Every structure is written in C-alpha cells, then in structure tokens.
Amino acid sequence: MTFAQAAAFGIVAVMVVLFIWDRIRYELVALMALGAGLLTGVVPPEAAFKGFGSDIVVIVAAALVVSAAVSRSGVVDTAMRPLAPRLRTTGAQVGVLASLVAVMSAFTKNIGALTLLMPAAVQIARRNGRPVSLLLMPLSFGSLLGGLMTLIGTSPNIIVSQLREDLVGSPFGMFDFLPVGLGLTAVGIAFLTVGWRLLPGNRASGGAPAVVDDYRAEVRLPPDSPFVGKTVRELEDEAEGDVTVAAIIRERVRRYIPSGHWTLFADDILVLECDTRALERIVNAAGLELTPANDADAVADVRRGRVGTVEAVVTQGSPLIGATAESLRLRDRYRITLLALSRRGRPLGQRLRRARFQAGDLVVLSGPADAISEALPALGCQPVATHDLLLHRGRRGLLPAAILAVAMVSVATGLTPVPVAFFLAAVAVVAFGQLSAAEAYAAIDWPLLILLGALLPVSEALQTTGASEILADGLAIAASYIPPVAAVAMIMVTGMLVTPFLNNAATVLVMAPVAVGLAARLDLDPDPFLMAIAVGAACDFLTPIGHQCNTLVMGPGGYRFGDYWRLGLPLSTIVIVVGTALIVAVWPVAPV
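So the sequence shown is numbered by our numbering: it starts at 2 and just counts up by one.
In structure tokens:
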C-alpha cells in the first residue's frame, strides 16, 4: 500500500468517525477532509475546487429551487381536497398519503413534499381519532421510495448519474431509474398500507408543526370575488367544513351573525374561524383579501407576498396581555401585523384589532423575517410553527409545475443536458415571480452543496490513488464465493448500512468508485452495481438520523429510536430482495 493510498483511507476513516460523532457540522467535516487531502498531496491543488463547479452541484441547487416553487404552488392542496373526506380507514389513509408523497418526491425535493403533507396527515389523524404516529413514519418512508423514480428525485440518483459519466463515459438519463424505482415504490407502499400495524399506537406527539384549530381572522370580499352574490353556506362548502363564517361586518360597524342562506355582498368583512391551512385555501379559492389590522400597507404587502408568517403563543408576562393590536401599533413599532387570533374554548366578541390579548392566546403574525425574529422576544411570544401563507396565487400556481414539466421533457428527449435544463428552470421560476430571489437562495441547501463540492475531489482521490481498487479487491474476494446477483445485493446492503453514518450523498461519493471497481474485478457491467448503490443510499428506513425526512417526523410522531426498526427492517428486507431482482432484470449482470 502506498502512502497516498494509506492517506486516502485515513482521511475517509476519520471523516466517518467525525460523521458518527456528530459534534461537528457535516459540511465542515467535508471541508476538513478536503484540506487534509491537500496537505497530504492526495488531492492535487488544481483539482481541489473543481467539485464546486461540478454539474452535480448545479443540478442539486437548481432542483431545490424548482422544487420549492412547485411546493409553494398549491398543487398539493388541490390534490388533497377531494381525497381527504373519503379516507376512512388507516390503511386507506396510509396508502393515499404515501402514494401522493411518493409521486411528489419523484419531481420535487422529498423533504419538501413531506413537509407539505405532514399537516394534512395530522389533520386526517385528528379528524378520525387516530394516533398520528400511525401515519407519519409511513409518510416519510413513502417520500424516500418516491425519490427513487427519477434522476432528480433524490441526491444519490443525481450523484450516481454524474459519477457514471466520469467513471464509465455517459450519465444515466432522467427516467433510467423509473423501472426499478416505480416497482420498489409500488411494492413498498403496498407493504406500508398493512405494515403500519407494526407501529406503536400510543405515542404522544412531541412537537408537531402546529396545526392549530379555531383561529379568528378577518377577510374582505372584493367586488371581483367569484363568491359575491353567493351564500355563506356555499363559501363554507368550498372549504369543506374547515371554515366557519362567524360574523359579517357591514357598513364598517354593523356586526351580524349570519345563517347559511345569507347572501354575500361586495366589501363585506367576513370574520372566519379556521386554522391557518384552511385560511390559506379559502383566501385563494374565493379571491378574498386579508385585512390585517385594517392597515392598507400591510394588505398591500400580503398581496405582493412580501411577508413571512409565524404561529406563536402569548406567554405569561408578555407585554401583549391586556393590550390590543390597535393600541400597541404593532406595524409601526415592530413592523409586524396580526393576521389571526385563536383562543380555544372562548369565542372572541370583538373586532380582531380590538381584541385584548390573554396569556395562552395563539396568534398568527406576519412581517419580514428579521422583524419577526426581533419582535417575538420583545412581545413575550413563543413560536410554535413558522411557514409562509401562500396567498393570492390564482392560476399562476400551475406555472412552476409547467416549468418543471418542460425541463423534464427537454431532458427526456435529449434536447438539453440535465444541468442546463434545470438551471434554466430555476431561472424561470424566479424570473416569472414564482419565487423571489431571497426565497430562491433560502430554498438552496447550502451545507449540502458545500459537502458535495468538498467531497467530490476526495472521492476522486480514492480512485486516482488506487484506494478504491484495494477496497474493490477485498469485496471481489467475498463476491467470488457468491453469484453475481448476490454481489449486487451485497453492494446495496453496504450502502444501506453506511448511509446512517455518512449521509446518502457522502455514501454515494465514497462507494460508487468501489462499486465500479468491484464490477471491473468480476468482469461485469457496472450499471447494476451503481443502481444498487443509489437504491441502498436512498433507502435508510432503520434510523431517524440517516435521512432528514426520518428526523422530521420523529418529534411530531412521538417516535423513539427503536420504533424505526419495527417498520423499517421488514421494508428494508423487501427493498433488498425486490430491488435486487428489479435491478438485474432491467440492468442485467452481464460480462463486459
């Protein structure tokens, strides 16, 4: 073993230890590995920073931007609206939710798809009186499975495709992953529809994204709303019972308690009781206008989408207690606006801006992110959920999906390369106003890009120094005693076991050259081995730490570390068996 090979092994070994230790940010660990490679000469200076200009980094960044635009477009709410009332059994709920998140994950970032559907899953569980723990883990696993279906569905697929080009000569195409990914997704979701019974049904939620009921908000019915001239009941039916018109204010001061047959007139102020998700849906569907504290500037900001929102609880000792939004002049003093107020079990009898705050009130505040972060401590409010109200989208909500579809068709037909197509798609969603520049920057997972840019030269060093060949030789010795199909399964299992410690992107960067080397030692086509690494790295169902989707549902579902094995171990076994069979059927293990 040469010094360069020993140094390469040492750098990777220390990197793995630091990832497992989890006391240093993973992108910093990657940068340290790159620095060590430079100091030892394993990574030549001229190759040190090529990773940051790699097609992999461009594709991942652009895909995140487009994914954020699609996620914010409202397509999910539209798809869920007719389905939710029909989901009566837990099996049906798991099957539909997992299928929907899987389809979304094939075309958007899987954690973004999961984040969008988690509130819906929580609401469905509450409406049916079932523990949310029965839905959230299957939802997370469905998002991981769905990402297997396309090139952009998950980072391992993107990385494997580009490494195939570097190592073999040509990348995988957009839908080369579909036969294997679709088959695994179908079988996996079929298992989840019955496998949810393995999950504990007595877990208490430990901090779900707030899905808070019974906010009271005020909206104006503008003259161009399609609900002018319709009845209160028709408006409530549009929200499928999730919104109640508690009062109508006319002539500025006259307050009426309406019945369902009342006709709605232009410029009516409607006092709505609902949660924030339902408020978002009805404002968009009915063309309503929020009237935050009757502040014209605030209304204009809401229309232009220049606000972030936060749900917060008024704590004991807050200066809000006993005061009103009007008397505090929240916008003038803090640059924030009160959009809605919830006081459980006690209906509000006055206008929103004149309601006196009490300890325990839940409020929805809007404003610039920096203003919100400064105002919350000053006002004695504890945030419970932060998100954006996507108001006044209209038909433009379909535009991000159309842009994504054009990009995918152009790639599938060979019209443009993958990096170019998704770069142009990302530019388009910003240019057409679907995301602001600040929102586009915020959508990019910068630590992930730094990790990729830093580890690509380290991964290349494993190959150039011959270190990956040594590992491949060791695996080849073991593989020589088993059939080639079992060797593919071995690579997949290795990827599954390593991913919780390295994360899926780093696993692919380290193991893909080894997989190609193993195929070369066995004189076999490398494609099935690369596919096996992609599947293994993307399918961590055993721990809450291997993928951020699993981590995200841990608190809301009240899960413990060991709960993931209950559902994850049989699902992993299914993926290994079915995945290996599908890979060798689509990508035969043939001599080169």
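Idealized CB from N, CA, C, for every residue including glycine. Bear in mind that the values here come from a model prediction, so they are computed numbers and not experimental data.
Spatial distance of R131 from V123 (CA atoms): 9 angstroms
Reduced DSSP secondary structure (H/G/I, E/B, other) of A127: It is worth fixing the name first, because residue 127 is Arg in this sequence and not Ala. Correct three-state label for R127: helix.
Go ahead and pull the three-state DSSP assignment for G454. helix
Taking the continuous alpha helix (DSSP H) assigned at Y565, which residues delimit it? D564 to V587
Could you name the residues that DSSP lists as bridge partners for A248? V272
Using the Cβ count rule (16 or more neighbours within 10 Å means buried), how would you classify T662? No statement about residue 662 is possible, as the shown extent of the chain runs from 2 to 593 and does not include it.
What do you get for Y257, buried or exposed, if any count of 16 or more other CB atoms within 10 angstroms of its CB means buried? exposed
I need the straight-line Cα distance from L456 to A360, nearest angstrom please. 50 angstroms
Enclosing alpha helix (DSSP H) for S469 [first to last residue]: A468 to A480
Element boundaries [alpha helix (DSSP H), containing T338]: Run containing T338: none in the alpha helix (DSSP H); it sits in the beta strand (DSSP E), T338 to S343.
In three-state terms, what does DSSP make of S367? strand
Give a yes or no on contact between the stretch 535-544 and the stretch 88-97, applying the rule of three or more CB pairs nearer than 8 angstroms. no
Do R198 and A240 have their C-beta atoms closer together than 8 angstroms? no
Roughly how many angstroms separate the alpha carbons of G415 and L425, rounded to a whole number? 15 angstroms
Expected contact under 8 angstroms - CB spacing of L149 and T186 to nearest Å: 6 angstroms
Comparing the CB of V494 with every heavy atom of the ligand NAD, is any distance shorter than 7 angstroms? For the ligand NAD, the structure offers nothing, since it holds no ligand at all.
Can you look up E495 in the DSSP assignment and give me helix, strand or coil? The sequence shown places Thr at residue 495, rather than the Glu named in the question. Helix, per DSSP.
Exposure label - T3; buried when at least 16 CB within 10 Å: exposed
Helix, strand or coil: how does DSSP classify F50 here? coil
How many Å lie between G174 and E166 at the Cα? 11 angstroms
Measuring only the C-alpha atoms, how far is P223 from V272? 14 angstroms
Quick one: grab the DSSP three-state call for R561. coil
Counterpart residues of R217 in DSSP-defined beta bridges: E274 and L342
Under 7 angstroms Cβ to Cβ from L236, same chain only, skipping five residues before and after it: list those, please. F228, V246, L265 and A287
Residues in its own chain within less than 8 angstroms of A294 by CB, not counting five upstream and five downstream? Here A294 scores only 43 on pLDDT, less than 50, and its place in the model is too uncertain to base an answer on.
Looking only at C-alpha atoms, which of Y482, F542, V554 and Q549 sits nearest to L523? Y482
Report the option in S100, L164, P83 and L115 whose CA atom is closest to the CA atom of V58. L164
Per DSSP, which residues does Q383 bridge with? Please list them. V314
DSSP three-state label for F424, please. helix
Going by the DSSP bridge assignment, what does L525 pair with across the sheet? P592
Beta-carbon proximity list for L168, same chain, < 6 angstroms, skipping 5 on both sides: V517
Please tell me whether F178 and L146 are closer than 8 angstroms, where the distance is taken between their beta carbons. no
Tell me, please, whether the stretch 37-50 touches the stretch 456-466 by the rule of three or more beta-carbon pairs shorter than 8 angstroms. yes
Can you name, in chain order, every residue of its own chain whose Cβ lies under 7 angstroms from the Cβ of I445, other than the five neighbours on each side? A62, L65 and V66
Find the nearest neighbour of V595 within the set I478, I492, S469 and L572, judged by alpha-carbon distance. With the chain represented from 2 up to 593, any question about residue 595 goes unanswered, as that position is not in the structure.
Would you call the stretch 98-116 and the stretch 133-145 touching, i.e. three or more CB-CB distances under 8 angstroms? yes
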